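In what follows, a single structure is set out as structure tokens and then discussed.
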């Protein structure tokens, strides 16, 4: 602190961030972040930072940081730093969470590859959304299950078909692409093995004769 003719010069103090509107922020809306501070002489520069996980990025300069048509990628923790001729002071981080409908919905099948009658198969639906999503499974146009995973035990030919999942929350819904489940008959597999063995035997015989 510098004292000149009874004037106290200080670096910025009580630096804080406010977000407007407060409360829940939905994707597509506009948001304003305001940095407040006191100090003498007045603050000359405000610098904004955004932290996602451990990555900190400088985003903007100015007392007010406005985000129009906000997206889920704008979620994170925001901090402002106030600077005058006597020094700098940073605010605490302020969390900004953007609510949005499901995105990037996809289905995976385990095990992958050929699916044999009598085995077990698990379909898993993956998606992001805020608030958390709910999943519904469809075979064709009929709803068959709910939940992130859908397991078929002792699978049979009647389980063959096209499957997709719907990911939904209060802000919207999105469907995955369709995946096709082909169940091989046990007889088909046995015939395939036999044909393969016969082919191997014939090859050995021809090689021996040759």
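In the UniProt record's numbering, the protein residues as written are 1 to 210.
Yeah, the Cβ is synthetic: ideal placement off N, Cα and C, and Gly gets one too.
Nothing here was measured: the structure is a model prediction, and the numbers come from that model.
- Contact between the region 40 to 53 and the region 106 to 125 is not established, with fewer than three Cβ pairs separated by less than 8 Å.
- In this structure, residue 35 sits near residue 91, with a CB-CB distance shorter than 8 Å.
- Cβ neighbours of residue 136 within its own chain (closer than 8 Å, five residues either side excluded): 143, 145, 146, 165, 166 and 168.
- Residue 154 and residue 106 have their alpha carbons spaced roughly 24 Å apart.
- Assignment of residue 90 by DSSP, reduced to helix, strand and coil, places it in the strand class.
- Annotation: the continuous beta strand (DSSP E) that includes residue 102 extends over 98 to 110.
- With a contact defined as Cβ atoms closer than 8 Å, residue 27 and residue 99 qualify at about 7 Å.
- By the neighbour-count definition (other C-beta atoms within 10 Å, threshold 16), residue 85 is an exposed residue.
- Restricting attention to 95, 150 and 182, the CA atom closest to the CA of residue 25 is found in 95.
- When DSSP states are grouped into helix, strand and coil, residue 20 belongs to the strand group.
- One alpha carbon belongs to residue 60, the other to residue 37, and they sit about 17 Å apart.
- Taking C-beta atoms as the reference points, residue 151 and residue 120 count as a pair closer than 8 Å.
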